[in-house]
Amino acid sequence: MRLFEEILAQFGFGGDVAFFGAKFVVYEGKCAYFENVKSIASFSSERVEILLKKGQVRIEGENFSIARYGEGDLLLAGKVQKVEIGQGGMQ
Amino acid sequence: MTPLFCDILTIDSVAPLRALDKLSKKGIGVYKVQKMGPTRLKLRVKSKETEKIFAIFSGSCYTVTKIRSAGLKRLAEFFLRRMGIAVGVLLLLLLSFVSNFFVLKIEVIGSGARYREEAEEVLAKSGIDLFCVFRADGAETARGELLSLPGVVFASVVKRGCVVTVTLEESEETQVPQRKTQLLAPCDGVLEELTVFRGTALAKEGDRVSAGQALVGGYFETENGETFQTFAVARCSVLQSYSGKYFSKELSERAESQAIAAVHLAAGGELLEAQVKAKAADGGFIYTVTLKVRIVSAVNL
Chain A
1 MRLFEEILAQ FGFGGDVAFF GAKFVVYEGK CAYFENVKSI ASFSSERVEI
51 LLKKGQVRIE GENFSIARYG EGDLLLAGKV QKVEIGQGGM Q
Chain B
92 MTPLFCDILT IDSVAPLRAL DKLSKKGIGV YKVQKMGPTR LKLRVKSKET
142 EKIFAIFSGS CYTVTKIRSA GLKRLAEFFL RRMGIAVGVL LLLLLSFVSN
192 FFVLKIEVIG SGARYREEAE EVLAKSGIDL FCVFRADGAE TARGELLSLP
242 GVVFASVVKR GCVVTVTLEE SEETQVPQRK TQLLAPCDGV LEELTVFRGT
292 ALAKEGDRVS AGQALVGGYF ETENGETFQT FAVARCSVLQ SYSGKYFSKE
342 LSERAESQAI AAVHLAAGGE LLEAQVKAKA ADGGFIYTVT LKVRIVSAVN
392 L
């Protein structure tokens with residue numbers, strides 16, 4: 001996604017974070033888009049766990065379905081209420 | 092987002108999500124993934140990748156089942172199974188497209204629609220006729236000819252679909268009424284008075300005149316003898332004797348008055364004199380009424 005490249009260029013982030021870390025966009029109430037997805041650890045309509053190339057992300061919400069998954073990109077449809085990265089948490 | 096040509100598959104396994112990871116690593120995208128149970132996923136994939144997916148999972152612990160096609164592929168399969176419908180639809184589209192080039196109806200509208208027959212003749216001469224291919228240059232030629240029709244101030248030839256519409260509009264100007272050029276005697280009688288403001292007197296007061304006789308001509312002559320046409324402006328009065336009969340069952344002054352009134356009504360004009368003679372007949376009386384009336388007439392006054 002060009003958006004991420006533009007943001008990274010703006011802030012001058014390092015290579016590791018740029019290519020392997022958690023990169024996602026949340027559209028409130030609609031969907032969430034994730035890059036660098038290595039696998040889907042678990043999936044249900046209220047909770048999804050994805051493993052990234054570096055780290056993992058836990059997503060909680062309602063009515064989840066996988067709109068698209070392939071080539072490291074995951075488009076998760078549904079109402080996202082909480083996203084936790086690795087061992088920390090972010091809402 | 093979801094591919095136009097796709098298949099719906101199910102994947103059964105103890106850990107069906109790993110199948111998604113396996114497909115992702117192989118570069119195969121999955122769409123609309125739904126969890127149907129703890130060991131089953133339902134998903135969509137591009138139709139061209141279905142065989143590849145079966146090849147990937149053959150001999151593995153994942154059971155892949157194709158449910159059906161989806162999207163446009165399903166529609167295509169429907170028509171392939173029913174070729175007749177597809178051919179029929181295509182034929183219909185083709186006929187609609189081809190028939191658009193032909194003229195199937197000609198309409199003539201507008202205030203000049205009474206020139207329908209002439210318009211159709213003009214169109215036919217320009218090569219535009221029923222069941223013929225419409226030609227734009229012919230339409231322009233026809234339009235020019237249609238403008239030469241009497242009174243037509245606007246003409247257009249337009250084709251919409253397979254209908255040619257000819258619009259003809261006539262001038263809205265009111266026709267100037269024809270002015271009377273001479274004064275004619277309104278009835279038989281004696282010319283009592285003749286007043287001429289314009290034109291040439293053809294009779295004089297006291298002359299016996301006939302109904303329709305020209306009393307004032309629409310011209311005048313100069314001293315040199317030249318004649319110029321114009322319109323007469325004149326007034327005359329003619330004394331007419333008018334007779335009529337009236338039947339009444341009684342012989343009385345009232346019956347006499349009624350007889351005069353009835354005959355006057357028929358004669359018209361201004362009553363000057365009346366003479367009445369009564370004669371018995373058929374169970375009543377016949378009144379013979381002779382009136383003298385004045386009839387006035389004028390032209391361009």
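From first to last, the protein sequence lines are chains A and B. To convert, note that position 75 of the first sequence is 75 in my numbering; the numbers rise steadily by one, no gaps. One rule links them: number in my numbering = place in the second sequence (from 1) + 91. The beta-carbon is built from N, C-alpha and C at its ideal position, and this holds for glycine as well. Owing to the predicted nature of the structure, the values given are computational and were not obtained by experimental measurement.
Is residue i helix, strand or coil when you go by DSSP?
{"i": "G89 of chain A", "result": "Low local confidence applies: a pLDDT of 35 at G89 of chain A is under 50, so the model's placement there is unreliable, with the coordinate-based value given in what follows. Correct three-state label for G89 of chain A: coil."}
{"i": "Y378 of chain B", "result": "strand"}
{"i": "S65 of chain A", "result": "strand"}
{"i": "R172 of chain B", "result": "helix"}
{"i": "L214 of chain B", "result": "helix"}
{"i": "Q349 of chain B", "result": "helix"}
{"i": "Y153 of chain B", "result": "coil"}
{"i": "T93 of chain B", "result": "coil"}
{"i": "K117 of chain B", "result": "coil"}
{"i": "D16 of chain A", "result": "Any answer about D16 of chain A is weak, because its pLDDT of 49 lies below 50 and its placement is not dependable; what the coordinates show is given next. Reduced to three states, the DSSP call for D16 of chain A is helix."}
{"i": "A372 of chain B", "result": "strand"}
{"i": "I144 of chain B", "result": "helix"}
{"i": "I219 of chain B", "result": "coil"}
{"i": "G128 of chain B", "result": "strand"}
{"i": "S104 of chain B", "result": "coil"}
{"i": "F11 of chain A", "result": "helix"}
{"i": "V194 of chain B", "result": "coil"}
{"i": "S388 of chain B", "result": "strand"}
{"i": "S42 of chain B", "result": "Here chain B covers residues 92 to 392 and nothing more, so residue 42 of chain B does not appear."}
{"i": "G179 of chain B", "result": "helix"}
{"i": "A365 of chain B", "result": "strand"}
Name the chain A residues whose beta carbon is nearer than 8 Å to that of residue i?
{"i": "L108 of chain B", "result": "S39, I40, A41, S42 and F43"}
So which residues on chain B does residue i lean against when the C-beta distance must stay under 9 Å?
{"i": "R68 of chain A", "result": "M92, T93, G120, V121, Y122, K123 and V124"}
{"i": "G93 of chain A", "result": "The displayed coordinates of chain A run from 1 to 91. Any statement about residue 93 of chain A would go beyond what the structure contains."}
Interface residues of chain B around residue i at Cβ under 7 Å?
{"i": "E6 of chain A", "result": "Residues of chain B passing the Cβ test: none, with the nearest at roughly 23 Å."}
Output, in chain order, the set of chain E residues within a Cβ distance shorter than 7 Å of residue i.
{"i": "D103 of chain B", "result": "The structure shown contains no chain E; the protein chains it does contain are A and B."}
Since residue i meets chain A, which of its residues come closer than 7 Å, beta carbon to beta carbon?
{"i": "L111 of chain B", "result": "I40 and Y69"}
Going along chain B in order, which residues have a C-beta closer than 8 Å to the C-beta of residue i?
{"i": "G72 of chain A", "result": "S115"}
Closest to residue i by C-alpha separation, out of the options, would be which residue?
{"i": "T141 of chain B", "options": "B:L285, B:V224, B:G118 and B:R131", "result": "B:G118"}
{"i": "V121 of chain B", "options": "A:G86, A:S44 and A:R68", "result": "A:R68"}
{"i": "T291 of chain B", "options": "B:I144, B:E260, B:E347 and B:V324", "result": "B:V324"}
{"i": "E60 of chain A", "options": "A:G86, A:V48, A:G21 and A:I85", "result": "A:V48"}
{"i": "S65 of chain A", "options": "A:Q56, A:G29 and A:E71", "result": "A:G29"}
{"i": "L275 of chain B", "options": "B:R326, B:F192 and B:S138", "result": "B:R326"}
{"i": "V249 of chain B", "options": "B:V243, B:G242, B:D228 and B:S239", "result": "B:D228"}
{"i": "E263 of chain B", "options": "B:R270, B:I147, B:L363 and B:G203", "result": "B:G203"}
{"i": "V384 of chain B", "options": "B:S149, B:I351 and B:N315", "result": "B:I351"}
{"i": "K113 of chain B", "options": "A:A32, A:K38, A:Q10 and A:G21", "result": "A:K38"}
{"i": "L238 of chain B", "options": "B:K216, B:R226, B:F225 and B:E261", "result": "B:E261"}
{"i": "L108 of chain B", "options": "A:F34, A:A22 and A:S42", "result": "A:S42"}
{"i": "R135 of chain B", "options": "A:A9, A:Q10, A:I50 and A:G70", "result": "A:G70"}
{"i": "S217 of chain B", "options": "B:A233, B:L240 and B:S190", "result": "B:A233"}
{"i": "R74 of chain B", "options": "B:R165, B:T156, B:Y337 and B:P241", "result": "Because residue 74 of chain B is not part of the residues shown, which for chain B are 92 to 392, the question remains open."}
{"i": "A371 of chain B", "options": "B:C97, B:Y337, B:A389 and B:T381", "result": "B:Y337"}
{"i": "G360 of chain B", "options": "B:D279, B:I144 and B:R165", "result": "B:D279"}
{"i": "E80 of chain A", "options": "A:Y27, A:Q56 and A:N36", "result": "Here the sequence assigns Val to residue 80 of chain A, which means Glu is not the residue at that position. Comparing Cα-Cα distances from V80 of chain A to each of A:Y27, A:Q56 and A:N36, the minimum goes to A:Y27."}
{"i": "I40 of chain A", "options": "A:N63, A:I50 and A:G21", "result": "A:I50"}
| Within the chosen definition, does the segment 75 to 87 of chain A reach the segment 98 to 106 of chain B through at least 3 CB pairs nearer than 8 Å? | Here the segment 75 to 87 of chain A does not lie against the segment 98 to 106 of chain B, with fewer than 3 beta-carbon pairs under 8 Å apart.
| field | Runs of beta strand (DSSP E) wholly within the segment 229 to 255 of chain B (minimum 3 residues, chain order) | value | At a cut-off of 3 residues, the continuous stretches assigned as beta strand (DSSP E) that sit fully inside the segment 229 to 255 of chain B are 243 to 251.
| query | Are the segment 253 to 261 of chain B and the segment 300 to 308 of chain B in contact at 8 Å, needing three or more beta carbon pairs? | reply | Taking 8 Å as the limit for Cβ pairs, the verdict is that the segment 300 to 308 of chain B does not touch the segment 253 to 261 of chain B.
| field | 3-residue-minimum beta strand (DSSP E) runs that sit fully inside the segment 24 to 75 of chain A, ordered along the chain | value | If we require 3 residues or more, the beta strand (DSSP E) runs fully inside the segment 24 to 75 of chain A come out as 31 to 35, 37 to 43, 47 to 52 and 56 to 70.
| said: For the structure I just gave you, are there three or more beta carbon pairs, one from the segment 114 to 128 of chain B and one from the segment 171 to 179 of chain B, closer than 8 Å? | reply: Cβ pair count under 8 Å is below three, so no.
| Does the segment 353 to 369 of chain B touch the segment 327 to 335 of chain B, meaning 3 or more C-beta pairs lie closer than 8 Å? | With the cut-off at 8 Å, the segment 327 to 335 of chain B and the segment 353 to 369 of chain B touch.
| field | Segment contact flag, the segment 278 to 297 of chain B with the segment 343 to 353 of chain B, C-beta cutoff 8 Å, min 3 pairs | value | With contact defined as three or more Cβ pairs closer than 8 Å, the segment 278 to 297 of chain B and the segment 343 to 353 of chain B are not in contact.
| query | In chain order, which alpha helix (DSSP H) runs of at least 4 residues are fully inside the segment 271 to 340 of chain B? | reply | Correct list: empty.
| query | Below 8 Å, can you find three or more Cβ-Cβ pairs linking the segment 188 to 197 of chain B to the segment 206 to 222 of chain B? | reply | With contact defined as three or more Cβ pairs closer than 8 Å, the segment 188 to 197 of chain B and the segment 206 to 222 of chain B are in contact.
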